[in-house]
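Residue numbering for the sequence shown is 307 to 487, as defined by the numbering used here. In what follows, a structure is listed as structure tokens, so that the remarks can point back to it.
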Amino acid sequence: VAGDGAEKDIAQFMSETGVTFLNTTIATCAAMLGWLLMERILHGKATSLGAASGIVAGLVAITPSCGAVDITGAIVIGAVAGVLCAWAVGLKYKVGMDDSLDVVGVHLVGGLVGTILIGFLSTASAPGGIDGLFYGGGFGSLKDQVLAALWTILWTGVLTTLLAFAIRFTIGWRIPEEAEV
């Protein structure tokens with residue numbers, strides 16, 4: 307194995323892995339802090355549930371972009387995801403949405419934040435990155451990310467609707483209220 311380039315491949319893999327791990331950790335911390343800041347502003351106190359939700363929001367948001375951004379991008383993605391996900395989870399109470407696990411507020415919003423911000427924050431200096439809008443790459447990457455996000459929403463929306471109707475007409479959407487208690 308020695309001498310056939312394996313050392314270079316291993317070093318490159320370890321470098322890419324390190325960047326990905328570091329970006330994931332940093333974005334997660336930034337999202338937690340962003341969420342806690344929103345709680346503090348909106349409710350006067352930060353909570354441990356908010357910290358945990360912020361951590362999940364950060365993990366969701368950085369997943370599509372952890373190999374395409376640098377540390378600054380990871381901080382921005384995490385912070386924006388923490389703030390927007392906290393806001394989205396709070397919004398469910400105002401619109402009366404039944405989302406007990408905060409799936410929409412954390413996963414949908416966090417995933418969209420992470421996906422779209424690649425178009426702004428990706429950098430060619432990252433292992434899997436090309437320059438995004440903020441690094442002089444133009445609108446091409448941003449356009450691709452927005453179109454991919456919209457296509458994913460359409461695709462999953464149609465399939466989810468079909469599955470929901472299948473469930474509705476077979477076993478029903480909800481169990482009786484007496485069985486819930």
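In this text, a Cβ means the ideal position worked out from N, Cα and C, and glycines have one as well.
Residue G434 holds the alpha-carbon nearest to the alpha-carbon of Q318 among I481, L469, I473, G434. Counting other Cβ atoms within 10 Å of its Cβ, T467 stays below 16 and is therefore classed as exposed.
Within a 10 Å sphere around the beta-carbon of D408 sit 16 or more other beta-carbons, which makes this residue buried. Annotation: F327 to G478 spans about 42 Å, alpha carbon to alpha carbon. Exclusion of the five residues before and after A454 leaves T421 as the residues of its chain whose Cβ lies within less than 8 Å of its Cβ. Under the DSSP assignment, F471 falls in the alpha helix (DSSP H) whose first and last residues are 446-474.
In terms of Cβ geometry, G379 and L339 do not form a close pair [threshold 9 Å]. Assigned with DSSP and collapsed to three states, A358 falls in helix. Per the Cβ contact rule, the segment 390-401 is in contact with the segment 412-420 (3 or more Cβ pairs under 8 Å). Apart from the 5 residues on each side of it in sequence, T369 sits with its Cβ closer than 7 Å to the Cβ of G420 in its chain, given in chain order.
Shown here for F440: same chain residues with a beta carbon closer than 8 Å to its own, the five before and five after excluded, namely F426, L427 in chain order.
Annotated as distal: A374 and A333, with beta-carbon spacing of 9 Å or more. The residues T429, S431, A432, in chain order, have a CB closer than 7 Å to that of D376 in the same chain once the five nearest residues on each side in sequence are set aside.
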